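Here the structure is laid out as structure tokens; the discussion comes afterwards.
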Ligand code: PGA
């Protein structure tokens, strides 16, 4: 196999295995789909066994494919470590920073990254924004330098550093009858019509926890998969909700009423997380230091190990 398989083929295979899609792998590698398919056909022929099976639109790795995926992860891990040592020699003039952020973190992560890149223009950055499940899977696979999450994973050994406050506030349309009331009891607000993020959302978990801690239940009228959809539904008069204050960053002041509810804001943090075994690159370490040095950095319980 070694004599015939090219590095490019392994690179394509690794991308398909990681992204679960020929299309996304071809986009990531700037290759045409026929090239990707052809290279995977050749790779399977050289190995002498099918590696990828396609059932409808979904692809699955065969047992041989899974073994090869493991091997490619190791190979690229070694190469990443090599690149890192080269980066270290070059300092921060060049290098790469690969970040992943959970949905709501998209309201602040690009801005922080933009500020950092202004300081170090030679650095290439990538930021992927995705849901909790994919963030957890990527942390487990050790694919990126740092992850922005609202709650560090409990069943993966990570180093979690709080980098910023993440207050969860109750919001309603500006003409809502409770808009000017003070200290609204939790029990009263529980009877309102609630709009909620999808199950598994960190924001939703935090809201449910505060109500269940007081023996209260809320019954969402609508479940919506994004903060933007929740905001639109509130403005359409469909109900109230609670969101990270960061989700209002780009809204005009006064566009929503922030309700004064007992127990709110829920004080949470944003965390930068990386797998405990990972050695941060010079660039990733510099970015983390930069985050902690910012004025709005959370009081650093830095480097807290979960
Ligand atoms: P989200 O936010 O999962 O609700 O988008 C992350 C979090 O606050 O934990």
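In our numbering, the protein residues as written are 1 to 306.
All residues carry an ideal CB built from backbone N, CA and C; glycine is no exception.
None of the values given here were measured: they were computed from a predicted structure.
Under the three-state reduction of DSSP, which class applies to residue 290: helix, strand or coil?
As a first step, residue 290 must be located in the chain shown, where it is residue number 290. The answer is helix: DSSP assigns residue 290 an H, G or I state.
Identify, in the order they occur along the chain, each residue of the same chain with its Cβ nearer than 7 angstroms to the Cβ of residue 117, setting aside the five sequence neighbours on each side.
Numbered from 1 along the chain shown, position 117 holds the residue referred to as residue 117. Answer for residue 117: 123 and 125, listed in chain order.
Please determine, among 259, 74 and 222, the residue with the shortest C-alpha to C-alpha distance to residue 173.
Here residue 173 refers to the residue found at position 173 when the chain shown is read from its first residue. Comparing Cα positions, the closest option is 259.
Compare the C-beta of residue 108 against all C-beta atoms of chain C and say whether one is closer than 8 angstroms.
As a matter of chain content, chain C is missing from the structure shown, which is built from one protein chain.
Would you list the one or two residues that DSSP bridges to residue 245?
The count along the chain shown starts at 1 and reaches residue 245 at position 245. BP columns for residue 245 are empty, so no partner.
Use the C-beta contact count for residue 355: other C-beta atoms within 10 angstroms, 16 or more gives buried, fewer gives exposed.
Residue 355 falls outside the range modelled here, since the chain spans only 1 to 306, and no answer is possible.
For residue 263, which residues in the same chain have their Cβ closer than 7 angstroms to its Cβ, ignoring the five residues on either side in sequence?
Position 263 of the chain shown, counting from 1, holds the residue named residue 263. Take residue 263, set aside five residues on each side of it, and the residues of its chain with a beta-carbon closer than 7 angstroms to its own are 186 and 210, in chain order.
Buried or exposed: which applies to residue 212, given that a residue is buried once 16 or more other Cβ atoms fall within 10 Å of its Cβ?
Taking the first residue of the chain shown as 1, we reach residue 212 at position 212. If you draw a 10 Å sphere on the C-beta of residue 212, you find fewer than 16 other C-beta atoms in it, and that means exposed.
Who are the Cβ neighbours of residue 197 in its own chain at under 6 angstroms, not counting the five residues just before and after it?
Within the chain shown, residue 197 is the residue found at index 197, counting from 1. Taking residue 197 as the centre and dropping the five residues before and after it, the same chain places the C-beta of 203 and 204 closer than 6 angstroms to its C-beta, in chain order.
Using alpha carbons as the reference points, say which of 267, 290, 39 and 278 lies closest to residue 170.
In the chain shown, the residue the question calls residue 170 occupies position 170. Comparing Cα-Cα distances from residue 170 to each of 267, 290, 39 and 278, the minimum goes to 267.
Taking the beta strand (DSSP E) that residue 165 belongs to, which residues open and close that run?
To locate residue 165, count along the chain shown from 1; it is residue 165. That run of the beta strand (DSSP E) goes 158 to 172.
Host beta strand (DSSP E) of residue 121 (start-end):
Working through the chain shown from its first residue, we reach residue 121 at position 121. Annotation: residue 121 is outside any beta strand (DSSP E) and is labelled neither H nor E by DSSP.
When DSSP labels each residue in this structure, what does residue 253 get in the three-state scheme?
The residue labelled residue 253 in the question sits at position 253 within the chain shown. For residue 253, the secondary structure class from DSSP, reduced to helix, strand or coil, is coil.
Length at least 4, wholly inside the stretch 25 to 91: the alpha helix (DSSP H) runs in chain order
Restricted to the stretch 25 to 91, the alpha helix (DSSP H) segments that are unbroken, complete and at least 4 residues in length are 33 to 47 and 63 to 90, listed in chain order.
Within its chain, find whatever has a CB closer than 6 angstroms to the CB of residue 65; leave out the 5 residues flanking it on each side and keep chain order.
Your numbering for residue 65 matches position 65 in the chain shown. Cβ neighbours of residue 65 beyond the five flanking positions: 51 and 52.
What whole-angstrom Cβ distance do residue 253 and residue 158 have, given they're in contact under 8 angstroms?
By 1-based counting over the chain shown, the position of residue 253 is 253. By 1-based counting over the chain shown, the position of residue 158 is 158. That belief does not hold up - the Cβ atoms of residue 253 and residue 158 are roughly 36 angstroms apart, past 8 angstroms.
Heavy atom of the ligand PGA within 7 angstroms of residue 151 beta-carbon:
On the chain shown, residue 151 is found 151 positions in, with the first residue counted as 1. Yes; taking the cut-off as 7 angstroms, the Cβ of residue 151 has a heavy atom of the ligand PGA nearer than that.
From the DSSP secondary-structure annotation, give me the bridge partner or partners of residue 98.
On the chain shown, position 98 is the one that residue 98 refers to. For residue 98, which the question treats as bridged, DSSP gives the partners 126.
Closest residue to residue 132 among 106, 113, 177 and 110 (Cα-Cα distance)
Position 132 of the chain shown, counted from the first residue, corresponds to residue 132. Closest option to residue 132, Cα to Cα, is 106.
Can the beta-carbon of residue 227 be found closer than 8 angstroms to that of residue 206?
On the chain shown, residue 227 is found 227 positions in, with the first residue counted as 1. On the chain shown, residue 206 is found 206 positions in, with the first residue counted as 1. No, they are not a contact pair.
Report all residues from its chain with a CB closer than 6 angstroms to the CB of residue 101; omit the five preceding and five following residues, and keep chain order.
For the purposes of this step, residue 101 is taken as residue 101 along the chain shown, with counting starting at 1. Only 109, 129 and 148 meet the Cβ criterion.
With a threshold of 7 angstroms (Cβ to nearest heavy atom), would residue 142 be considered close to the ligand PGA?
Residue mapping note: residue 142 aligns to position 142 of the chain shown, counting from 1. Incorrect: residue 142 has no Cβ contact closer than 7 angstroms to the ligand PGA.
Residue of 146, 296, 69 and 168 minimising C-alpha distance to residue 160
Residue 160 sits at position 160 when you count from the first residue of the chain shown. That would be 146, whose Cα lies nearest to the Cα of residue 160.
Could you please give the first and the last residue of the uninterrupted alpha helix (DSSP H) stretch that includes residue 11?
Walking along the chain shown from the start, residue 11 turns up at place 11. Here the alpha helix (DSSP H) through residue 11 covers 7 to 19.
Which two residues bound the contiguous alpha helix (DSSP H) that contains residue 187?
By one-based count along the chain shown, residue 187 stands at place 187. Residues 186 to 190.
To the nearest angstrom, report how far apart residue 232 and residue 33 are at their CA atoms.
In the chain shown, the residue the question calls residue 232 occupies position 232. In the chain shown, the residue the question calls residue 33 occupies position 33. Roughly 38 angstroms separates the two Cα atoms.
At a threshold of 7 angstroms, does residue 161 count as lining the ligand PGA (C-beta to nearest heavy atom)?
As a working note, residue 161 is residue 161 in the chain shown. Not so, every heavy atom of the ligand PGA lies at least 7 angstroms from the Cβ.
Residue 22 by DSSP, collapsed to three states: which one?
Stepping through the chain shown from its first residue, residue 22 is reached at position 22. Helix at residue 22.
Do you know how far the Cα of residue 249 is from the Cα of residue 193?
Here residue 193 refers to the residue found at position 193 when the chain shown is read from its first residue. Here residue 249 refers to the residue found at position 249 when the chain shown is read from its first residue. Whole-angstrom Cα-Cα distance: 24 angstroms.
Cβ-based burial, residue 49 [other Cβ within 10 Å; buried from 16]
Along the chain shown, one-based indexing puts residue 49 at 49. So residue 49 ends up on the exposed side.
In terms of alpha-carbon separation, which member of 150, 298, 234 and 166 lies closest to residue 201?
Along the chain shown, one-based indexing puts residue 201 at 201. Here the closest residue by C-alpha is 150.
In the DSSP assignment, the alpha helix (DSSP H) including residue 136 goes from what residue to what residue?
Numbered from 1 along the chain shown, position 136 holds the residue referred to as residue 136. Residue 136 -> alpha helix (DSSP H) spans 132 to 141.
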